[in-house]
Amino acid sequence: MTQTSNFETILLEQKRYFESGKTWPVSFRKAQLRALLKQLKQHEEELCKAVFDDFGKSAIEIFMGDLAVVYQEIRWLLCNIDRLAKPKRCRTNLGNLPGKSRIIMQPIGTVLILGAWNYPYNLTLVPLVSAIGAGCTAVVKPSELPTHAMKILSKIISSTFPKEYIFLAEGGAEVASYLTQLKFDKIFFTGSTGVGKMVYQSAARNMVPVTLELGGKSPVIVSPSADLAKAAKRIVWGKFFNAGQTCVAPDYLLLHRSLKQTFLEYLVGEIKTRKYDQGAEQYVSIVTSKHLERLIALISSEKVYYGGGYDLASRYLEPTIMVDVEEDDPIMQEEIFGPILPIILYDHFDDVLKYIGRKEKPLAAYLFSQSKEERKAFLTKLNFGGGCINDVVMHLNNIHLPFGGVGASGIGAYHGEAGFLNFIHPKSVFVRSKYFEPTLKYPPYTKWKKRI
Ligand code: NAD
Numbered sequence: 181m182t183q184t185s186n187f188e189t190i191l192l193e194q195k196r197y198f199e200s201g202k203t204w205p206v207s208f209r210k211a212q213l214r215a216l217l218k219q220l221k222q223h224e225e226e227l228c229k230a231v232f233d234d235f236g237k238s239a240i241e242i243f244m245g246d247l248a249v250v251y252q253e254i255r256w257l258l259c260n261i262d263r264l265a266k267p268k269r270c271r272t273n274l275g276n277l278p279g280k281s282r283i284i285m286q287p288i289g290t291v292l293i294l295g296a297w298n299y300p301y302n303l304t305l306v307p308l309v310s311a312i313g314a315g316c317t318a319v320v321k322p323s324e325l326p327t328h329a330m331k332i333l334s335k336i337i338s339s340t341f342p343k344e345y346i347f348l349a350e351g352g353a354e355v356a357s358y359l360t361q362l363k364f365d366k367i368f369f370t371g372s373t374g375v376g377k378m379v380y381q382s383a384a385r386n387m388v389p390v391t392l393e394l395g396g397k398s399p400v401i402v403s404p405s406a407d408l409a410k411a412a413k414r415i416v417w418g419k420f421f422n423a424g425q426t427c428v429a430p431d432y433l434l435l436h437r438s439l440k441q442t443f444l445e446y447l448v449g450e451i452k453t454r455k456y457d458q459g460a461e462q463y464v465s466i467v468t469s470k471h472l473e474r475l476i477a478l479i480s481s482e483k484v485y486y487g488g489g490y491d492l493a494s495r496y497l498e499p500t501i502m503v504d505v506e507e508d509d510p511i512m513q514e515e516i517f518g519p520i521l522p523i524i525l526y527d528h529f530d531d532v533l534k535y536i537g538r539k540e541k542p543l544a545a546y547l548f549s550q551s552k553e554e555r556k557a558f559l560t561k562l563n564f565g566g567g568c569i570n571d572v573v574m575h576l577n578n579i580h581l582p583f584g585g586v587g588a589s590g591i592g593a594y595h596g597e598a599g600f601l602n603f604i605h606p607k608s609v610f611v612r613s614k615y616f617e618p619t620l621k622y623p624p625y626t627k628w629k630k631r632i
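Structure follows, in structure tokens:
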């Protein structure tokens, strides 16, 4: 049997399993979530070692960015699933009385989950947890780039679940592309905007609904009213965690011209304090040599204020700050997704809003400011997926906030309740009482004629 016909068989078997109703009871879903949690905990060491082997990420950072997030999602769902899965009572309009209205939280069916590589467990398992919680069956295709992480995930999934319930497909772009052409009931994709567009097109051919968690260039603004020391500390952390390979990392900095020298000193001081050295526990490698070469090509050496060094053998790229960057510089033409922070200077806050407003809507935006007017303008005039005031990245960490993009940075949102709802069809149902018949709707319309 070829790999592709194997996928079609699995999809068919998963659809049958779903239709058997086995995955629908909340007790079943809870048991599966507990089983997954147990397996992950039992394999924690192997899971950490795999990502370390892939791109040198330390166990602490794997815990912070991957495992703790998945554990939180499972625990939150276990506490909330009874409430979420229950049919919702709704008011009934006067014309439909006597009768009852309900929304049934119907599991959407058999779903496809495609993950990106940068947080290999988080980006694959968080949506899977929501799909299990919603009562779906699922095929999961993690990124092929962190090969060790993909192998251990595959081992855990296949030893925890039968393949007609949850199946992990290994492989690269060809496998992913083939899967998106099949008639799943939902596709949940995390990755780049370019590939997201292809997934959207394939899904449209079968009228398959999608959630697209994409990327983009997320700006951070530092205004003269900001606490500069705190701003530098938080921006440096958010930018260089995972060596900038985070979808919501600040991509570029818009800095008020008057702050240039002071803020650069704060930034460099903060980078030195954090010790992002080659091989350091707190600094990961670039995922592949190809990715590193792309990043090096984006650096214009005459604009480097700090850093710029690299080592091809260990795929190390030093935290790098570029100054006096202009809109048409190569670094401003694509999502950086690496440890390079370009700085563009501004004179008026309005110009900043106009600059961001003429670009694609970003996945995240951040503002460091104590000014009420600036905060209000930032929140009302700009359109972005989500963000923070006086911090970066941390909105992602709140399970009560739906996380997702807008426009080119994505469609839909997840985490917590928003995640669960991705895999639910809210089925609206009206139950008519047998006692009363509204006569006006039935022809002949003689009674209407008297009224009109
Ligand atoms: P990518 O788009 O290259 O790959 C993502 C997934 O798509 C992988 O599993 C890959 O195998 C698959 N894929 C590749 N070609 C495909 C095709 N033709 N059809 C269907 N699937 C295909 O992204 P990446 O390099 O893994 O991740 C980096 C990107 O992801 C960045 O743009 C980043 O901003 C974004 N990202 C977004 C989020 C978010 O939550 N919004 C999170 C992490 C990463």
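If you count the sequence shown from 1, position 278 lands on 458 in this note's numbering, and the numbers rise without skipping. In this text, a Cβ means the ideal position worked out from N, Cα and C, and glycines have one as well.
Query	Result
Go ahead and label proline 342 buried or exposed: buried means 16 or more other beta carbons lie within 10 angstroms of its beta carbon, across all protein chains shown.	exposed
Count Cβ pairs between the stretch 603 to 615 and the stretch 277 to 290 that sit closer than 8 angstroms; are there 3 or more?	yes
According to DSSP, is tyrosine 535 part of a helix, a strand, or is it coil?	helix
How many Å lie between glutamate 226 and aspartate 457 at the Cα?	25 angstroms
My output table needs one value for glutamine 286: the three-state DSSP class, helix, strand or coil.	strand
Would you list the one or two residues that DSSP bridges to lysine 280?	Val611
Taking the continuous alpha helix (DSSP H) assigned at tyrosine 456, which residues delimit it?	Careful: tyrosine 456 lies outside any alpha helix (DSSP H) and carries neither H nor E.
Using only the alpha-carbon positions, how far apart do glutamine 381 and alanine 318 sit?	21 angstroms
Helix, strand or coil: which one does DSSP assign to lysine 397?	coil
Along the alpha helix (DSSP H) that carries methionine 378, what are the first and last residues, could you check?	373 to 385
Using three-state DSSP, classify tyrosine 653 as helix, strand or coil.	With the chain covering 181 to 632 only, the question about residue 653 has no answer from this structure.
Relative to the C-alpha of leucine 543, which candidate in Ala493, Ile261, Val400 has its C-alpha closest?	Val400
When burial is assigned at 16 or more other CB atoms within 10 Å of the CB, is alanine 412 buried or exposed?	buried
Straight-line CA distance for alanine 383 to phenylalanine 243?	34 angstroms
Would you decide whether tyrosine 209 is buried or exposed? Buried here means 16 or more other CB atoms lie within 10 Å of its CB.	Checking the sequence, you will find arginine at residue 209 rather than tyrosine. Looking at its Cβ environment, which holds 16 or more other Cβ atoms inside 10 Å, arginine 209 is buried.
For lysine 470, verify whether its CB is less than 7 angstroms away from any heavy atom of the ligand NAD.	no
Helix, strand or coil: which one does DSSP assign to glycine 449?	helix
Confirm the yes/no value for this check: CB of lysine 297, any heavy atom of the ligand NAD, distance under 7 angstroms.	The sequence as given places tryptophan at residue 297; lysine does not occur at that position. Correct: tryptophan 297 has its Cβ closer than 7 angstroms to the ligand NAD.
Within 10 angstroms of the Cβ of cysteine 427, are there 16 or more other Cβ atoms? Answer buried if so, exposed if not.	buried
Give the DSSP bridge partners of leucine 651, in chain order.	The structure shown has nothing for residue 651, since the chain only spans 181 to 632.
Look at proline 278 and phenylalanine 616 and say whether their C-beta atoms are less than 8 angstroms apart.	yes
Looking at the ligand NAD, does it come within less than 7 angstroms of leucine 362, judged from the CB to the closest heavy atom?	no
Isoleucine 466 by DSSP, collapsed to three states: which one?	coil
Considering only C-alpha positions, which residue in the set Ile523, Ile516, Pro499 is nearest to alanine 477?	Ile516
Would you give the residue range spanned by the beta strand (DSSP E) that valine 231 belongs to?	From DSSP, valine 231 is part of no beta strand (DSSP E) but of the alpha helix (DSSP H) over 224 to 235.
Using the three-state DSSP reduction, which class does arginine 555 fall into: helix, strand or coil?	helix
Taking 8 angstroms as the cut-off, decide whether the C-beta atoms of aspartate 246 and threonine 327 are in contact.	no
Taking three-plus beta-carbon pairs below 8 angstroms as touching, is the stretch 513 to 528 in contact with the stretch 463 to 480?	yes
Say the cut is 7 angstroms; is the CB of methionine 378 nearer than that to a heavy atom of the ligand NAD?	yes
Rounded to whole angstroms, what's the CA-CA distance from lysine 335 to asparagine 276? Just pull it up for me.	53 angstroms
With DSSP run on the structure shown, which of helix, strand or coil describes valine 390?	strand
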